[in-house]
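Remarks on the structure that follows.
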Amino acid sequence: MTETRIYLASEEDTIALGRRLAAALKPPLVLYLSGELGAGKTTFSRGLIQSLGHQGAVKSPTYTLVEPYELPGVEVYHFDLYRLADPEELEFMGIRDYFTPNSLCIVEWPERGQGLLPAADIQLQLKYANSGRELILTSATAAGDALINSLK
């Protein structure tokens, strides 16, 4: 298990870190994003998803629960479980079908789906710190270790 802390002074830093991670990732991969409302989870996701080739806007899938992106070489599924009333709702939407050998699954508010989500390769926790954010990256697999080590 590897843990790294990174200070992000601005929204641009958060997007840039998403881009750096995108350059090094290889599917399949599961990322959990945690943090208070407005901490930068969707901003980080935007940098990552756009760096993988998505040309349009990246919005939080708060009401749809998942936003799919078919990109060259990877299927990206961006989940936001903030409004999930019961983890069982994930069963009804076929949650297991999203976690494939060619997918990158980015899950905001993963604690709301506890027990039904696959384990994360990396957990990213964003916290308010001074006028910026502190990002704590914690790996749980060898793939997660490799990705975090690529950032150093």
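Each residue of the sequence shown is one higher than the last, beginning at 1 in the UniProt record's numbering.
Idealized CB from N, CA, C, for every residue including glycine.
DSSP places Phe79 in the strand class (E or B) of the three-state scheme. Considering only Gly47, Arg133 and Val107, the residue with the shortest C-alpha distance to Leu81 is Val107.
Between Val30 and Cys105, the C-beta spacing is below 7 Å. Cβ atoms of Ala22 and Ser51 come within 8 Å of each other, at about 4 Å. A direct Cα-Cα distance of roughly 33 Å separates Asp13 from Gly115. Excluding residues up to 5 positions away in sequence, Thr14 and Gly18 lie with their Cβ nearer than 6 Å to the Cβ of Phe44 in the same chain.
In the structure shown, Leu137 adopts extended strand secondary structure according to DSSP, grouped into three states. For Glu70, the enclosing beta strand (DSSP E) has its first and last residue at Val66 to Leu71.
In the three-state reduction of the DSSP assignment, Gln123 falls in the strand class.
In this model, Ala24 and Ser103 are separated by some 15 Å (Cα to Cα).
Beta-bridge partners of Thr2 (DSSP): none assigned. With a threshold of 16 other beta carbon atoms within 10 Å, Arg46 meets it and is buried.
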